[in-house]
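K.L.:
If you count the sequence shown from 1, position 117 lands on 149 in this note's numbering, and the numbers rise without skipping.
Note that beta-carbon positions come from the ideal geometry of N, C-alpha and C, so glycine has one too.
Since we're looking at a predicted model, the values are computed, not measured.
One structure, pasted below without further comment.
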Amino acid sequence: RRTPCAWRARVRCAAQWLKPAGSRSSMTASMLEALLNHCCPGAIREYKFHPTRRWRFDYAWPDTMVAFEKEGGTWNLSRHTTGRGYAADCEKYSEAAILGWAVIRATTDMINNGMAIQMVERAIRNNERKNKELASDTL
Numbered sequence: 033r034r035t036p037c038a039w040r041a042r043v044r045c046a047a048q049w050l051k052p053a054g055s056r057s058s059m060t061a062s063m064l065e066a067l068l069n070h071c072c073p074g075a076i077r078e079y080k081f082h083p084t085r086r087w088r089f090d091y092a093w094p095d096t097m098v099a100f101e102k103e104g105g106t107w108n109l110s111r112h113t114t115g116r117g118y119a120a121d122c123e124k125y126s127e128a129a130i131l132g133w134a135v136i137r138a139t140t141d142m143i144n145n146g147m148a149i150q151m152v153e154r155a156i157r158n159n160e161r162k163n164k165e166l167a168s169d170t171l
């Protein structure tokens, strides 16, 4: 069970807290992973979620069916912003929804300002609550 701590108050400015002094770069993958594992323990990196396709989530919490995808290249040309790449992402995320996954997609800015982590926490709490309700309804 996750408990509130003073550290969580820093999530909103997590990138500034984790980055070296004077650094202007965004949060590195290892910093993001450390932050996710502290706020939302149990994340599995590169989780293969589909039974037949090779699709993977950047991070997933299978017990609660919550996934996190960091969307890179939102302000410049990348695979995700080409027509073909965007269509492929739409297919992946639609299939994930059909399978019952809540996928939190975030830009680098959303990660750096703490919004993405807060959304992941809320999704996990919401799905834990739903799971408890379903379990109590079956008794």
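Using only alpha-carbon positions, find the residue among C72, I136 and A128 that is nearest to E103.
P.N.:
Ranking the options by Cα distance to E103, first place goes to I136.
K.L.:
Quick check: what's the CA-CA separation for L166 versus H70?
P.N.:
Taking the straight line joining both Cα atoms gives about 27 Å.
K.L.:
Is R86 helix, strand or coil by DSSP?
P.N.:
In this structure, R86 counts as coil in the three-state DSSP scheme.
K.L.:
Just to confirm my understanding: we take A138, look at its own chain, exclude 5 residues before and 5 after, and list those with CB closer than 8 Å. What are they?
P.N.:
F100, E101, K102, E103, M147, A148 and M151, listed in sequence order.
K.L.:
Where do the N-terminal and C-terminal ends of the alpha helix (DSSP H) with A128 fall, by residue?
P.N.:
Counting along the chain, the alpha helix (DSSP H) containing A128 begins and ends at G115 to I130.
K.L.:
Could you check where the alpha helix (DSSP H) with E103 kicks off and where it finishes?
P.N.:
First-last for E103: undefined, no H or E at that position.
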